[in-house]
Ligand code: PMP
Ligand code: GLU
């Protein structure tokens, strides 16, 4: 048998989804696992969104839609972008995608030729580097350090620009560090993009999850030039607790959107028609569940950072956004848990799951060795119980 393609050979599965699947399988088998694994809000999808899906089915909206999304949903996205972000887009600038993941995949396929580089800050979300490679590109990581509060050094971004650079990717607020890039940093990044004629890809899926009064403008709203060179990526998974519905979207200059729609018409066709109808209800409908959820996550963020601060051998910063905490566990590496040596963040994560029934994601998956990532999108009681177990696990190490 001939070998699989080089791209297929080099791809690895999503570590966040793998850990989520493992934790869910253990739960299904009756093990009382507390999962700080995948970033999935614990809230149910709000009832009015589910009702809109039922209504769409009853009305027979169960057939193909235009590949890039229904006119009604694109219009709802345009209304949202104007209302929430002060951005004016026309429906022909929008593509509705299977989650923000497909929006990102499409964006890389639109922009990258073999060997083209995309600059992005690290630690970064697991899928970015794989998605860039899947479309023939090369990720170029600009490191951020915990000692500097994971602050992005804009000068380092500029120093990373080469003749092969095609785009800068930012995630604001970011997964996994929970940092918020404020307006001055966004301006500086937009200026670099203008100076070297680069595209900008802005993944703003966590835009609603900013705390302590922090605010960040949407990247395309920084300037007309930024607007013209940005592919803005967003989705409903997080804000509306709709991870399983698979609805995301991208907003961009019309000539890019036209090609992206054409690409998607062959690759997947439209996003599920019923999920698209439900998404209109999500974007246009009451936003109270979202606000309630953000307030709850804010509290959990502080509770969790406070608990970690009291524990030995583990340290973290209180994040400013998204719903993740990155914690430094390097002081525990080399110790043993139940006879197993904790050689790296993978070994730590495995031991914690098997021995304490607590799921977290190894930092190595995000290019953050010696760290682990917690999602705090879980109920407060479970969070506290998970912290108790973590503390006992740490105290038992030898
Ligand atoms: N971007 C980031 C930074 C994420 O953490 C996620 C995780 N789900 C996504 C995009 C993709 O989300 P979805 O495909 O569910 O919209
Ligand atoms: N993005 C979330 C996470 O980082 C969900 C899982 C995934 O799609 O990666 O946990």
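In the numbering used here, the protein residues as written are 12 to 409.
Yeah, the Cβ is synthetic: ideal placement off N, Cα and C, and Gly gets one too.
The model shown is predicted, which means the values in this text are computed figures rather than measured ones.
In this structure, residue 106 and residue 271 form a Cβ contact; the two beta carbons are roughly 5 Å apart against a cut-off of 8 Å.
If the five residues before and after residue 205 are omitted, its C-beta is found closer than 7 Å to the C-beta atoms of 236, all from its own chain and listed in chain order. For residue 37, the CB contacts under 6 Å within the same chain, skipping 5 residues up- and downstream, are 44 in chain order. Between residue 281 and residue 80, the C-beta spacing is below 8 Å. Within the model, the alpha-carbon separation for residue 368 versus residue 76 is close to 44 Å.
Between the beta-carbon of residue 332 and that of residue 184 there is about 3 Å, and that keeps the pair under the 8 Å contact cut. A residue is called buried when at least 16 other Cβ atoms come within 10 angstroms of its Cβ; residue 229 meets this threshold and is buried. DSSP places residue 299 inside the alpha helix (DSSP H), whose first and last residues are 299-321. The DSSP-derived three-state label of residue 379 is coil. A straight-line Cα-Cα distance of about 45 Å links residue 67 and residue 14. From the listed residues 312, 85, 16 and 383, the smallest Cα separation to residue 261 is found for 85. Between residue 187 and residue 337, the CB-CB gap stays under 8 Å. Checking the 7 Å criterion, the Cβ of residue 111 is within range of a heavy atom belonging to the ligand PMP.
In the displayed model, residue 343 falls within a helix according to three-state DSSP. Per DSSP, the unbroken beta strand (DSSP E) holding residue 259 starts and ends at 259-262. With the rule of 3 Cβ pairs closer than 8 Å, the region 374-385 counts as touching the region 353-363.
Of all C-beta pairs linking the region 163-183 to the region 144-155, three or more are shorter than 8 Å, placing the two stretches in contact.
Rounded to the nearest whole angstrom, the CA to CA distance from residue 54 to residue 192 is 27 Å. A distance of 8 Å or more separates the beta carbons of residue 257 and residue 117. Comparing C-alpha distances from residue 173 to each of 35, 127, 92 and 370 shows the shortest one belongs to 127.
With respect to the 8 Å criterion, residue 129 and residue 148 are classified as neighbours on the basis of their beta carbons. Rounded to whole angstroms, residue 211 and residue 234 show a C-alpha spacing of 12 Å.
Excluding its 5 nearest sequence neighbours in each direction, residue 57 has C-beta neighbours in its own chain below 6 Å: 300, listed in chain order. Distance from the CA atom of residue 124 to the CA atom of residue 146, rounded to whole angstroms, is 8 Å. If you ignore the 5 residues before and after residue 389, its C-beta comes within less than 6 Å of the C-beta of 53, all in its own chain and listed in chain order. Residue environment: residue 160 is assigned as exposed (fewer than 16 neighbouring CB atoms within 10 Å of its CB, all protein chains considered). Residue 328 sits in coil when the DSSP states are folded into three classes, being neither helix nor strand. Take residue 91, set aside five residues on each side of it, and the residues of its chain with a beta-carbon closer than 6 Å to its own are 294, in chain order. Within the region 196-227, the complete beta strand (DSSP E) segments at least 3 residues long are 210-214, listed from N- to C-terminus. Not a single heavy atom of the ligand GLU lies less than 7 Å from the C-beta of residue 388. Annotation for residue 367: no beta strand (DSSP E) segment contains it, though the alpha helix (DSSP H) segment containing it runs 356-367.
If only complete runs of 3 or more residues are kept, the region 91-132 shows the beta strand (DSSP E) at 105-108, in order along the chain.
Contact annotation: residue 176 and residue 207 have beta-carbon atoms nearer than 8 Å.
In this structure, the ligand GLU has a non-hydrogen atom nearer than 7 Å to the beta-carbon of residue 136. Cα atoms of residue 315 and residue 265: separation of roughly 44 Å, rounded to the nearest angstrom.
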